[in-house]
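Residue numbers (this note's numbering), protein chains in the order written: chain A, 50 to 356; chain B, 50 to 356.
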């Protein structure tokens, strides 16, 4: 093990979208823009900055167009945004967005509750979105949620994951990010899913999107690295999490991920200290602690010995 | 990777000692006894229940003899306790303790600050403790702290770890638990240390004692499992942590560990629900949240969806 880890990894920062979307309070547009500017300077190649979903469903990100317009652009930093449908795509295409991201599900119930559609019709609708995005010269990335379990159905069949991934890639999506929506995956299950998918798809077509709900985040990343996966989604400070559970964790924290990768000699191009700077400001803005273990260790190390 | 994981693992619960020792408030003796009783019923084969150190240094565990005397014994559950010297050993031998645990350091500065002695003299003194314990038919386990870094010195030479481990095993200690005192280890560094030690010592002679300070706990356990190590120390709820850092993590949480092991088909004999029950009571006793991610997910899952 660990003898053939990738030497380079792409970390996609999803905090401004996936993180802020889960916040109970709406963050001011200026603060979102400042956050994205902080992150742009940290060395990321890819930031998922917002979501063009109906503000009725996600009021936290109702200012998507404004955020995308106001955020400063740095060469080499791709801005992506979530789009649920053709209307969202039209709004994204009218804004300075480089890539669009669609979100499918491997669980029927989750698909119905999250997109108001069964898996099949949801994918049919996305085919048109992808086509239209490509006509506008935009790459499309996709999430598959509930890969390692559904909050409504429990276990999710691997065959569903394979089918949905296959359909997304065949409609022109360049990469599918496999989401552990409920944070239930463990390394052996990560390996099993990847073994099945890597038999049919290439490594660059697959990314991993883990949640740290049960503390498995970094162990699952390690399993992914060992299987050769080189793209991971994460959120600064572990921003996001469960609005009902103070201190509970959602997305894996970028800081924890960067520490592990950096210490193992895996390059990301991202400056951990700058990410911490961004997280510290979010701690102020949100007026609460963020769940990242590494961030907490760094913030508290100043106040006293911590070992 | 992950193809040859051990099928069985021993989890040593150190919460009553390592956890409570780090608590800023002294927990009442009756509560400690109730905790140990809870844990005895959970299926552990080994509980580190207290420490016979000078109460001047660790007032939290001044009631060691009382705790050991009052805790109910269940067949098959080994009770161990920390002893710093001959005086501590005498107190431990006078109490119903099955095993004693000594603590050495791989860092000179840490050794001086933690035991008031350089590494060499500290080991010399322990040789007498081990001899005397063995004369009383007690097995001796040992910690080596600062294996992956020292809060005072930073990096610690692997040769120090090897020397200290060698000396402890040769004086009759049956197992050395390698401690990541500051929670700085990452999987690759875990692997490197184990590679060096396993070239000289057997798997059962080595255990792993990780801290989750930077969120690396479960990834490091995975690295340990992959190297064939079958004994891990953990603390219920992640009890302990840094007294200066609310919410910061110390020992890896037993719940997170049991979830990962259980989901990967690795047997421990321990009932996760009973551990959670014990942790829930400690949440009440300490009147604060505990850092275990898994515990939080379970406690909050009752209040709302959390994904």
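Ideal placement from N, C-alpha and C gives every residue a C-beta, glycine not left out.
Given residue 59 of chain A, which residues of its chain have a CB within under 7 Å of its CB, disregarding the five upstream and five downstream residues?
Residue 59 of chain A sits at position 10 when you count from the first residue of the first chain. Excluding positions up to five away in sequence, the list reads 94, 95, 279, 280.
Cβ of residue 356 of chain A less than 7 Å from any chain B Cβ?
What you label residue 356 of chain A is simply residue 307 of the first chain in a count that begins at 1. The predicted position of residue 356 of chain A is uncertain, since its pLDDT is 40 and thus under 50; a value taken from the coordinates is nonetheless stated next. Chain B contact via Cβ: present.
Are the C-beta of residue 192 of chain A and some C-beta of chain B separated by less than 7 Å?
Working through the first chain from its first residue, we reach residue 192 of chain A at position 143. Contact of residue 192 of chain A with chain B is not assigned, every C-beta pair being separated by 7 Å or more.
Taking only runs of the alpha helix (DSSP H) that begin and end inside the segment 215-263 of chain B, which ones reach a length of at least 4 residues, in chain order?
Considered as a whole, the segment 215-263 of chain B harbours 236-247 as its complete alpha helix (DSSP H) runs of no fewer than 4 residues, in chain order.
Going by the DSSP bridge assignment, what does residue 203 of chain B pair with across the sheet?
Position 154 of the second chain, counting from 1, holds the residue named residue 203 of chain B. Answer by DSSP bridge pairing, in chain order: B:199.
Does the count of Cβ pairs from the segment 255-265 of chain A and the segment 225-239 of chain B closer than 8 Å reach three?
no
Do residue 193 of chain B and residue 182 of chain B come within 7 Å of each other at the CB atom, strictly closer than that value?
Mapped onto the second chain, residue 182 of chain B falls at position 133. Mapped onto the second chain, residue 193 of chain B falls at position 144. For residue 182 of chain B and residue 193 of chain B, no; Cβs fall outside 7 Å.
Compare the C-beta of residue 298 of chain B against all C-beta atoms of chain A and say whether one is closer than 7 Å.
Taking the second chain and counting its residues from 1, one reaches residue 298 of chain B at position 249. Taking Cβ atoms only, chain A reaches closer than 7 Å to residue 298 of chain B, which makes this a yes.
In chain B, what lies closer than 8 Å to residue 341 of chain A by C-beta?
Start at 1 with the first residue of the first chain, and residue 341 of chain A comes out as number 292. Going along chain B in sequence order, the residues near residue 341 of chain A (Cβ under 8 Å) are 264.
Under 7 Å from the C-beta of residue 235 of chain B: neighbouring residues of chain A
Here the question's residue 235 of chain B lines up with position 186 in the second chain. Under the 7 Å cutoff, chain A gives 309, 312, 313.
Within chain B, the residues that residue 261 of chain A reaches when beta carbons sit closer than 9 Å
Position 212 of the first chain, counting from 1, holds the residue named residue 261 of chain A. The answer, in chain order, is 264, 342.
I need the boundaries of the beta strand (DSSP E) containing residue 97 of chain B, first residue and last residue.
As a working note, residue 97 of chain B is residue 48 in the second chain. Unbroken beta strand (DSSP E) run through residue 97 of chain B: 95-100.
Measuring CB to CB, does residue 9 of chain B end up less than 7 Å from residue 243 of chain B?
Outside the modelled stretch of chain B, which goes from 50 to 356, sits residue 9 of chain B, for which no answer is possible.
Would you say residue 119 of chain A lies against chain B (beta-carbon separation less than 7 Å)?
For the purposes of this step, residue 119 of chain A is identified with residue 70 of the first chain, where counting begins at 1. Not an interface residue.
Taking all protein chains shown into account, decide if residue 209 of chain B is buried (16 or more other Cβ within 10 angstroms of its Cβ) or exposed.
Translated into positions along the second chain, residue 209 of chain B becomes position 160. Under this definition residue 209 of chain B is a buried residue.
Excluding the 5 residues flanking residue 178 of chain B on each side, which residues of the same chain have their C-beta closer than 7 Å to its C-beta?
Position 129 of the second chain holds residue 178 of chain B. Closer than 7 Å at the Cβ level, and outside the excluded window around residue 178 of chain B, lie 132, 134, 135, 138, 151.
Are any of the Cβ atoms in chain B nearer than 7 Å to that of residue 229 of chain A?
If you number the first chain from 1, residue 229 of chain A lands on position 180. No - not a single Cβ of chain B is within 7 Å of the one on residue 229 of chain A.
Is the separation between the beta-carbon of residue 185 of chain B and that of residue 218 of chain B shorter than 7 Å?
As a working mapping, residue 185 of chain B is identified with position 136 in the second chain. As a working mapping, residue 218 of chain B is identified with position 169 in the second chain. Going by C-beta atoms, residue 185 of chain B is not nearer than 7 Å to residue 218 of chain B.
Give every residue of the same chain whose Cβ lies closer than 6 Å to the Cβ of residue 357 of chain A, excluding the five residues on either side of it in the sequence, and list them in chain order.
A query on residue 357 of chain A cannot be resolved here, the shown segment of chain A reaching from 50 to 356 and no further.
Identify the continuous beta strand (DSSP E) that holds residue 316 of chain A and give its terminal residues.
Residue mapping note: residue 316 of chain A aligns to position 267 of the first chain, counting from 1. Segment: none, residue 316 of chain A is in no beta strand (DSSP E) and carries neither H nor E.
Once the 5 residues before and after residue 213 of chain A are set aside, which same chain residues still bring their CB inside 6 Å of it?
Here residue 213 of chain A corresponds to residue number 164 of the first chain, with the count starting at 1. Once the five neighbours on either side are set aside, the close Cβ partners of residue 213 of chain A are 153, 155, 193.
Counting only beta-carbon separations shorter than 7 Å, does residue 282 of chain B have a partner in chain A?
Counting from one through the second chain, the residue named residue 282 of chain B turns up at place 233. No - not a single Cβ of chain A is within 7 Å of the one on residue 282 of chain B.
Classify residue 91 of chain A as buried or exposed, calling it buried when 16 or more other Cβ atoms lie within 10 Å of its own Cβ.
Here residue 91 of chain A refers to the residue found at position 42 when the first chain is read from its first residue. Looking at its Cβ environment, which holds 16 or more other Cβ atoms inside 10 Å, residue 91 of chain A is buried.
Does the segment 72-89 of chain A come into contact with the segment 116-128 of chain A, if we say contact requires no fewer than three beta-carbon pairs (one atom in each stretch) closer than 8 Å?
yes
Check residue 302 of chain A in the structure and name its three-state DSSP category.
By one-based count along the first chain, residue 302 of chain A stands at place 253. Residue 302 of chain A falls in the strand class under three-state DSSP.
Verify the CB distance criterion: does residue 331 of chain A have a CB-CB separation below 7 Å to chain B?
In the first chain, the residue the question calls residue 331 of chain A occupies position 282. Not one chain B Cβ lies under 7 Å of residue 331 of chain A.
I want to verify the contact list: residues of chain B whose CB lies under 8 Å from the CB of residue 268 of chain A, in sequence order.
Taking the first chain and counting its residues from 1, one reaches residue 268 of chain A at position 219. What residue 268 of chain A touches in chain B: 267, 268, 270, 271, 309.
Specify, as a first and last residue, the run of the beta strand (DSSP E) that residue 131 of chain B falls within.
The residue labelled residue 131 of chain B in the question sits at position 82 within the second chain. Unbroken beta strand (DSSP E) run through residue 131 of chain B: 127-131.
In chain B, which residues lie with their C-beta within 7 Å of the C-beta of residue 305 of chain A?
On the first chain, position 256 is the one that residue 305 of chain A refers to. Neighbours of residue 305 of chain A on chain B, chain order: 263, 264.
Give me the chain A residues within the contact set of residue 302 of chain B, using Cβ-Cβ distance strictly less than 8 Å, ordered along the chain.
Start at 1 with the first residue of the second chain, and residue 302 of chain B comes out as number 253. Ordered by position in chain A, the residues that pass the 8 Å Cβ test against residue 302 of chain B are 264.
Whole angstroms is fine: what's the gap from residue 198 of chain B's alpha carbon to residue 325 of chain A's?
By one-based count along the second chain, residue 198 of chain B stands at place 149. By one-based count along the first chain, residue 325 of chain A stands at place 276. One C-alpha to the other measures close to 22 Å.
What is the residue span of the beta strand (DSSP E) that residue 278 of chain A lies within?
Mapped onto the first chain, residue 278 of chain A falls at position 229. No beta strand (DSSP E) contains residue 278 of chain A, which DSSP labels as neither H nor E.
Any idea what DSSP makes of residue 338 of chain A, helix, strand or coil?
Residue 338 of chain A sits at position 289 when you count from the first residue of the first chain. Under the three-state reduction of DSSP, residue 338 of chain A is assigned to coil, being neither helix nor strand.
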